[in-house]
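Numbering (my numbering), first residue to last: 1294 to 1454. Yeah, the Cβ is synthetic: ideal placement off N, Cα and C, and Gly gets one too.
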Ligand code: HEC
């Protein structure tokens, strides 16, 4: 009889340990992102070295127009008299996160649409593709979970990402 004395407490303890491991499992045991019933792989982790490099490049090349805190021009939703747009924010309050990587990198490299009198300069001749990717990595690091997940999803479901 004595032999079974520990069975129940041991089973209970093991059960508790399993429950704790399940509840405390790291966030990085990442789940696929599912939007519109379309799953894509889990959101990739951002690269800290790239973010740091991107922050410096952003401060030098982008902050004058898009703001050091990525908040854009104060009245950015109102078009200017010449029909052009003011620099939008790159944080969650803007629409940068609505677009896939391919489109954002294209805009950064080639500038805005001249048809709209755009004041967004082309950086293709000034920054390397790797530098432009680092700036984008820095911008992504400023997004909340929902924006980041959506932008990853739209990137993963858009061809030519
Ligand atoms: C001289 C001002 C200016 C500078 C400097 C500038 N931008 Fe812009 N940017 C704009 C304006 C104005 C727009 C608004 C859209 C348009 O007119 O095409 C814009 C739009 C964008 C967009 C499109 C956002 C969206 O949601 O559609 C991206 C991405 C962008 N800029 C990234 C950058 C990055 C990265 C840098 C630095 C490497 C930079 N910009 C530097 C003025 C600037």
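* **Short Cβ contact (7 Å threshold) for residue 1378 with residue 1428** => No, they are not a contact pair.
For residue 1388, does the count of other Cβ atoms within 10 angstroms reach 16, so buried, or fall short, so exposed?
Burial call: exposed.
Just checking my contact of residue 1327 with residue 1336 at CB under 8 Å: how many whole Å lie between their CB atoms? About 12 Å separates the beta carbon of residue 1327 from that of residue 1336, a gap too long to meet the 8 Å contact definition.
If we require 4 or more residues per run, which alpha helix (DSSP H) segments fall completely within the region 1362–1428?
1394–1403, all fully within the region 1362–1428.
Query - Stretch pair the region 1408–1415 + the region 1360–1377: three plus CB contacts closer than 8 Å - result: A contact is defined here as three or more CB-CB pairs under 8 Å, and the region 1408–1415 meets this definition with respect to the region 1360–1377.
- prompt: Under the rule that 16 or more other beta-carbon atoms within 10 Å means buried, what is residue 1347, buried or exposed?
  reply: Its Cβ being crowded by 16 or more others within 10 Å, residue 1347 is buried.
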